[in-house]
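In what follows, a single structure is set out as structure tokens and then discussed.
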Amino acid sequence: MDEQPPITILNVDDSTVGRYAITRTLQQAGFAVKEAATGKEALRLAAQLPDLIILDVKLPDMSGFQVCETIKANPETFSIPILHLSAKYVSSEDKVQGLDSGADAYLVQPVEPIELIATVKALLRIKQAEEIAKSVAQQWNTTFDSINDGVCLLDSQGRVLRCNQAIIDLFKNLSVDLVGQFFSELAESFFDSNQIDELTTIQHTDIRKVLELKSGNSWFRVTADPVLNKKGVCTGSVYILSDITERKSLEETLQKRAEELQQANQIKDEFLATLSHELRTPLNSMLGWARLLRTRKFDQTTTNRALETIERNANVQSQLIEDILDVSRMITGKHRLNICPVELVAVIEGAMNAVRPAAEAKEIELHTVLASSNNLILGDSDRLQQILWNLLSNAIKFTPNHGRVELRLENINSQVEIQVSDTGRGINHNFLPYVFDRFRQADGTTTRTHAGLGLGLAIVRHLVELHGGTVQATSLGEGLGATFTVKLPIATNFVVENVASKKDLELITTAENTTVKNNLILQGVQILAIDDQTDSLDFLAAGLEEYGAVVTTATSADEALKALSKLQLDLLISDIGMPEVDGYELIHQVRNLGVNNQQIPAIALTAYAREEDRNHAIAAGFQNHVPKPVDLNELVKVVASLTKRIVQV
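Here's what the structure looks like:
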């Protein structure tokens with residue numbers, strides 16, 4: 001450990017003998033001593049900051065009192081303790097003069113060495129204590145000013161006694177010395193009179209007060225603590241101002257997020273309730289008629305009506321499921337478009353024809369205004385028709401009997417604009433911003449007058465945006481109808497031969513709606529059908545056998561593989577989702593059984609109906625993918641195509 005330097009004392013005396021005697025006494029006590037014989041020399045050595053000065057009063061060039069005053073007037077030497085020592089100036093008046101000049105002690109000669117050393121040590125202790133106090137004060141000031149929060153000490157009248165740098169920075173625009181100012185007056189630049197009244201009540205109480213106050217765009221947390229004396233009387237107060245703007249902003253963000261989550265949760269609950277209702281409603285009709293047909297005998301007219309009801313409600317359920325799958329594809333980004341130049345007039349006419357029966361049932365007038373100029377766009381004709389079908393269906397649904405729905409096609413600059421307007425119930429202005437949101441419905445109550453899941457418009461917006469377009473909804477209010485406007489970019493630089501024309505779309509539509517007229521089109525076709533659900537398997541076998549096919553069934557992959565080893569097959573139809581060995585693994589095993597089995601056409605018939613499911617099936621080794629619920633007519637056409645049969649229409 002480093003040794004502490006010796007304490008240095010400056011001994012000032014014009015008497016050589018006297019100076020020597022004092023120096024010897026100090027040195028024997030362990031002090032280092034410097035000497036001076038004149039006032040001028042004393043001032044020079046004082047600049048070297050000795051720990052203490054012993055100063056004779058009588059000096060040749062100036063008095064010791066003058067030397068003392070000069071040393072104490074200098075900030076650099078002010079804190080050096082000075083002990084006057086004199087044999088001539090010994091009266092009370094001399095002592096008073098010496099102490100008034102700044103000396104810290106006064107001794108008269110002759111002085112006993114023990115008394116001298118005791119006095120010196122006492123003065124050094126005082127100096128050390130002052131230095132410690134000064135160091136502590138400096139540390140406290142540094143800490144006080146480094147506090148990020150503003151701290152202000154007030155007297156009992158509310159005047160500022162002291163404040164830290166944060167308070168000074170806070171009130172810097174006032175350009176005044178804060179000390180001595182009334183805090184309430186300073187606060188007027190931040191807070192209103194009511195807030196200031198709340199702040200200043202602390203001066204008349206003995207309890208802490210905590211307030212959160214807003215000033216402009218900023219928030220402050222003000223903590224006011226009373227300062228009480230031993231008798232419990234308030235003698236002042238301490239105010240702490242904390243800027244909590246960031247915290248408040250975070251709280252507001254969290255509160256808003258919580259409200260959004262609560263609203264989303266409510267929307268989810270409403271959607272699930274609606275989904276349950278929409279699925280159960282057609283199911284009720286299907287199950288009800290199915291049970292009646294099984295337990296009772298009806299005439300042919302009633303039986304046909306029952307079967308039509310079952311089929312119609314099954315189609316409703318199928319559409320609901322397709323909408324849900326569309327939303328799933330939207331969320332996961334799995335929607336894919338088959339892009340080619342498309343004639344919008346053909347798409348529009350197809351969509352109008354599809355919704356015309358629903359419009360006629362309500363005696364709603366359907367009107368179209370079609371631009372005669374270029375209406376070719378790059379797009380997916382199926383998805384474009386889905387967009388228009390959704391908008392037209394919505395318009396018809398929400399338009400009362402004898403109303404009007406109009407579709408207008410116009411060319412505006414480099415875009416085509418499609419407007420679907422109606423004279424229906426309109427849209428409340430509060431709901432307009434959310435009309436394209438998933439799962440949102442203007443009326444989600446149990447008393448609502450229109451069915452549906454609230455997905456159609458969300459699907460519309462997504463498909464329009466995939467085509468590089470925009471869609472907008474406008475309405476003058478409830479009861480005043482609504483208009484939906486779709487804007488799509490016009491196609492340029494395309495190959496004419498690839499355009500999906502009106503004629504092409506009519507042929508496609510005709511093919512899609514074709515029914516197989518020849519009931520024996522599959523005569524003699526050997527088919528192996530695999531499905532772990534016997535109900536589905538029985539329906540599949542019965543349906544295909546009606547067209548002349550010979551169907552062997554299997555409820556597992558093991559059964560299928562055993563059948564393959566015994567039969568000469570023309571086609572394999574397999575479910576995908578089966579226990580233990582699924583359809584993907586089954587087709588993989590089939591393709592590895594031998595050359596003949598490698599060539600057998602295979603159809604994946606499955607409830608996994610997404611685009612990626614279709615791609616997975618084809619990649620696994622199937623030639624085609626048919627989603628459930630299956631349209632038997634469609635399945636027969638696929639089977640006939642794969643087995644090289646001709647479909648007669």
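Using UniProt numbering, the letters of the sequence shown map in sequence onto residues 1 to 649.
Virtual Cβ for every residue (Gly too), placed ideally from N, Cα, C.
Close beta carbons around residue i, own chain, < 6 Å, minus the five adjacent residues each side
| i | result |
| --- | --- |
| residue 680 | Summary: the structure shown does not reach residue 680, with the chain confined to residues 1 through 649, and so no result is reported for it. |
| Met-578 | Asp-532 |
| Arg-404 | Glu-365, Thr-423 |
| Ile-244 | Trp-219, Arg-221 |
| Ile-117 | Ala-29 |
| Gly-477 | Gly-426 |
| Thr-445 | Caution applies to Thr-445, whose pLDDT of 38 falls short of 50 and renders its modelled position unreliable; the value that the coordinates give is listed next. Counting only Cβ-Cβ distances below 6 Å, and skipping sequence neighbours, we find nothing. |
Straight-line gap, residue i to residue j (C-alpha atoms, nearest Å)
| i | j | result |
| --- | --- | --- |
| Ala-607 | Asp-531 | 11 Å |
| Thr-368 | Asp-422 | 12 Å |
| Ile-53 | Ile-9 | 6 Å |
| Asn-592 | Gln-598 | 7 Å |
| Asp-104 | Gln-128 | 14 Å |
| Leu-520 | Glu-311 | 24 Å |
| Thr-555 | Gly-468 | 47 Å |
| Ile-82 | Val-176 | 40 Å |
| Val-151 | Ile-167 | 6 Å |
| Gly-583 | Thr-295 | 37 Å |
| Leu-571 | Leu-586 | 14 Å |
| Leu-378 | Ala-346 | 14 Å |
| Asn-401 | Leu-561 | 59 Å |
| Val-496 | Leu-293 | For Val-496, the predicted model reports a pLDDT of 41, less than 50, meaning its position is unreliable and no value from the coordinates is stated. |
| His-84 | Ser-242 | 53 Å |
| Val-630 | Ile-576 | 14 Å |
| Leu-457 | Asn-148 | 53 Å |
| Gln-262 | Lys-268 | 10 Å |
| Arg-280 | Ile-324 | 16 Å |
| Ile-22 | Glu-131 | 26 Å |
| Thr-25 | Arg-19 | 10 Å |
| Lys-503 | Glu-612 | The predicted model places Lys-503 with a pLDDT of 43, which falls under 50 and marks its position as unreliable; any figure quoted below should be read in that light. Distance between the alpha carbons of Lys-503 and Glu-612 is about 31 Å. |
Close beta carbons around residue i, own chain, < 7 Å, minus the five adjacent residues each side
| i | result |
| --- | --- |
| Gln-165 | Asp-145 |
| Thr-70 | Leu-43 |
| Lys-121 | none |
| Asp-225 | Arg-208, Ser-237, Val-238 |
| Phe-65 | Val-57, Gln-97, Gly-98, Ser-101 |
Identity of the residues DSSP links to residue i by a beta bridge
| i | result |
| --- | --- |
| Trp-219 | Lys-214 |
| Thr-606 | Pro-627 |
| Leu-432 | Paired residues: none, contrary to the question. |
| Arg-408 | Val-369, Gln-419 |
| Ile-527 | Val-551, Leu-571 |
| Thr-485 | Gln-419, Gln-472 |
| Glu-35 | Asn-11 |
| Tyr-106 | His-84 |
| Glu-343 | Leu-376 |
| Arg-159 | Phe-182 |
| Lys-209 | Ala-224 |
| Leu-153 | Arg-162, Val-238 |
Cβ pair residue i, residue j closer than 8 Å
| i | j | result |
| --- | --- | --- |
| Thr-483 | Thr-470 | no |
| Cys-68 | Gly-30 | no |
| Val-210 | Thr-223 | yes |
| Gln-109 | Ser-92 | no |
| Ser-574 | Ala-619 | no |
| Asp-564 | Val-525 | Here residue 564 turns out to be Leu, not Asp, going by the sequence shown. Their beta carbons are not under 8 Å apart, which means Leu-564 does not touch Val-525 by this criterion. |
| Val-12 | Ala-32 | no |
| Leu-391 | Val-435 | no |
| Ala-47 | Thr-16 | no |
| Ile-7 | Leu-49 | no |
| Lys-487 | Gln-568 | no |
| Pro-60 | Asp-14 | yes |
| Leu-407 | Ile-339 | no |
Within-8 Å CB hit, residue i to chain B
| i | result |
| --- | --- |
| Lys-231 | Reference to chain B is not applicable here, since this structure consists of a single protein chain. |
Proximal residues to residue i (C-beta, below 8 Å), its chain only, five neighbours per side dropped
| i | result |
| --- | --- |
| Leu-161 | Leu-153, Leu-154, Asp-155, Val-179, Gly-236 |
| Leu-376 | Pro-341, Val-342, Glu-343, Leu-344, Ile-490, Ala-491, Phe-494, Val-499 |
| Thr-534 | Thr-555 |
| Asn-229 | Thr-235 |
Residue i: CB within 7 Å of a non-hydrogen atom of the ligand GTP
| i | result |
| --- | --- |
| Gly-621 | With respect to the ligand GTP, the structure shown offers nothing to examine, as it has no ligands at all. |
Query raised in the report: Within the chosen definition, does the segment 255 to 263 reach the segment 281 to 298 through at least 3 CB pairs nearer than 8 Å?
Result: With a cut-off of 8 Å, the segment 281 to 298 and the segment 255 to 263 do not count as touching, because too few Cβ pairs lie within range.
Query raised in the report: So, do the segment 166 to 174 and the segment 183 to 198 have three or more beta carbon pairs nearer to each other than 8 Å?
Result: The answer is yes - the segment 183 to 198 touches the segment 166 to 174, with three or more Cβ pairs under 8 Å.
Report task. Take every Cβ of the segment 626 to 640, pair it with every Cβ of the segment 536 to 547, and state whether three or more of those distances are shorter than 8 Å. Result -> Short answer: they touch.
Query raised in the report: How do the segment 300 to 320 and the segment 343 to 359 stand: do at least 3 beta-carbon pairs fall below 8 Å, yes or no?
Result: No, because fewer than three Cβ pairs between the segment 300 to 320 and the segment 343 to 359 fall closer than 8 Å, the two stretches do not touch.
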